[in-house]
Amino acid sequence: MSTQPATRVATSEFEVRTHGRGFIDIGDALRRALRESGLREGMALVFTRHTSCSLLISENADPEVRADLERFFARLVPDGDPLFRHDAEGPDDMPAHVRAVLTGVSVNLPVRDGAYGLGTWQGVYLWEHRSAPHTRKVSVTIIGF
Amino acid sequence: MSTQPATRVATSEFEVRTHGRGFIDIGDALRRALRESGLREGMALVFTRHTSCSLLISENADPEVRADLERFFARLVPDGDPLFRHDAEGPDDMPAHVRAVLTGVSVNLPVRDGAYGLGTWQGVYLWEHRSAPHTRKVSVTIIGF
Amino acid sequence: MSTQPATRVATSEFEVRTHGRGFIDIGDALRRALRESGLREGMALVFTRHTSCSLLISENADPEVRADLERFFARLVPDGDPLFRHDAEGPDDMPAHVRAVLTGVSVNLPVRDGAYGLGTWQGVYLWEHRSAPHTRKVSVTIIGF
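Residue numbers (the working numbering), protein chains in the order written: chain A, 1 to 145; chain B, 1001 to 1145; chain C, 2001 to 2145.
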């Protein structure tokens, strides 16, 4: 354990265009934000300003993992479930909110030696839960030195 | 991306009185904590010191969304489920712990220009999972400048 | 609310040897990381570099709570579910990824007066989701003063 110099904050934002329900790897945008920050040790908060998409860390090698996640959540939170009364925007409206609550709208990442301290098989994804394409805003806050 | 001055920590706590199972908007208490911190850019950790309530971000416009979330979780994690052996405090005891694990006891918020960097439709809620009223402790840690 | 001196970062890592599916209390390792950091006020990010185990906060008094969590997730995400196509490593392969997505690979903890600001009944656990033993890497990032 080593204690380090005084820390600074770096903030940035980017947009993600989604193509309806599915996963989008946001690793490139996150690496650019870190590189431009000039920070090398600390932590990052990645946050999306919506309630019907998620940010999450998942396996990045086999695309079938994301397909299985989609199949699992489609069964767990069915579109058009008569349980749901909030359906003004269609059968995927409330399921999108439930999925976002179950999987979260932010991820926290360690920063080590100028890179994210992720494992080999960890990717960071924006998960669009709505059937239609959307433009999603993501903010990055990095604190460190 | 811009890198900013050295950061400081601001800490505070507040209590939330719940009325049994349901959502309580904690936005006012969070905005007060930020205002009193004097910090304008950075990140905030909001944390509750319990294992049977949650903190979460959800849609803030239509109360039916929270009602649907409650209905969904009541079906997913049924009170009195014979699967559960930990029931010393009643049929809602273990379901409250499962709900807290599924939805989390903390939220992380970006801070931008002296406000939380939330989307228009995002609210921050304490979700009481027990049937009886409780007094819940929430801590706020803001790091920034 | 009080605003504090400039903050510093302390980083460390440790490994957890698991014995197949189950919970391991990582409180001792976390307290050691905090003690060695010399920091007393701020926040900590605890992060595991894997996609088939979780970090979570749960009830620490009655071991039956963890047994009930295990029973609940075994029913919610069944091993060998024919829904899953990603099964190269066995019937527990994809369920481990789903469990990790549902419960998260990091926890954020407030730091107060040289200790974690946890409630009396809150413990921090690594939850192994694979049937076989693994060695899991956990990183700790503490920012504060």
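Beta carbons are placed, not taken as given, at the ideal position from N, Cα and C, and that holds for glycine.
- Residue-level contact check: C/P2095 does not touch chain B, since none of the beta carbons of chain B fall below 8 Å from its beta carbon.
- When the Cα atoms are used, C/S2058 and B/L1102 turn out to be separated by approximately 11 Å.
- For B/G1104, the closest of B/I1143, B/G1117, B/G1080 and B/H1129 by C-alpha to C-alpha distance is B/H1129.
- At a Cβ-Cβ threshold of 8 Å, A/Y125 and A/L34 do not count as neighbours.
- With a minimum length of 4 residues, the unbroken runs of alpha helix (DSSP H) contained wholly in the stretch 2059–2118 of chain C fall at 2063–2076 and 2093–2103.
- Boundaries of the alpha helix (DSSP H) harbouring A/L30: G27 to S37, taken from the DSSP string.
- Boundaries of the beta strand (DSSP E) around C/S2012: R2008 to R2017.
- At least one CB atom of chain A sits nearer than 8 Å to the CB of C/V2101.
- If you look at C/W2127, you'll find it in the beta strand (DSSP E) that goes Q2122 to E2128.
- Counting along the chain, A/G144 sits inside the beta strand (DSSP E) bounded by residues T135 to G144.
- The three-state secondary structure of A/S131, taken from DSSP, is coil.
- Considering only beta carbons, the part of the stretch 55–83 of chain A lying closer than 9 Å to chain B consists of L76, V77, D81 and L83, in chain order.
- Just measuring C-alpha positions, the residue of C/E2013, C/V2046 and C/R2031 sitting nearest C/N2108 is C/V2046.
- Straight-line measurement puts the Cα of B/A1010 at about 15 Å from the Cα of B/R1112.
- Under the three-state reduction of DSSP output, B/S1054 falls in the strand class.
- Using a 10 angstroms sphere on the CB of B/G1117, the tally of other CB atoms reaches 16 or more, which defines it as buried.
- The Cβ-Cβ distance between A/P95 and A/H19 does not fall below 8 Å.
- Taken in chain order, the members of the stretch 125–137 of chain A whose beta-carbon sits within less than 8 Å of a beta-carbon on chain B are K137.
- In chain order, E2015 and R2017 place their CB closer than 7 Å to the CB of C/T2135, counting only its own chain and leaving out the 5 sequence neighbours on each side.
- Close CB contacts of C/G2090 within its chain, under the 8 Å cut and outside five residues either way in sequence, are with S2131 (chain order).
- For C/G2042, the enclosing beta strand (DSSP E) begins and ends at G2042 to T2048.
- B/G1020 carries a coil assignment under DSSP once its states are collapsed to helix, strand and coil.
- With a cutoff of 8 Å on beta-carbon distance, A/R21 and C/L2083 are scored as not near each other.
- Contact of C/F2145 with chain B is assigned, a C-beta pair being separated by under 8 Å.
- Within the model, the alpha-carbon separation for B/G1027 versus C/G2144 is close to 25 Å.
- Minimum Cα-Cα distance from A/D25 among the listed residues A/Q122, A/S139, A/V140 and A/I142 corresponds to A/Q122.
- At a cut-off of 8 Å, the C-beta of C/T2011 has a neighbouring C-beta in chain A.
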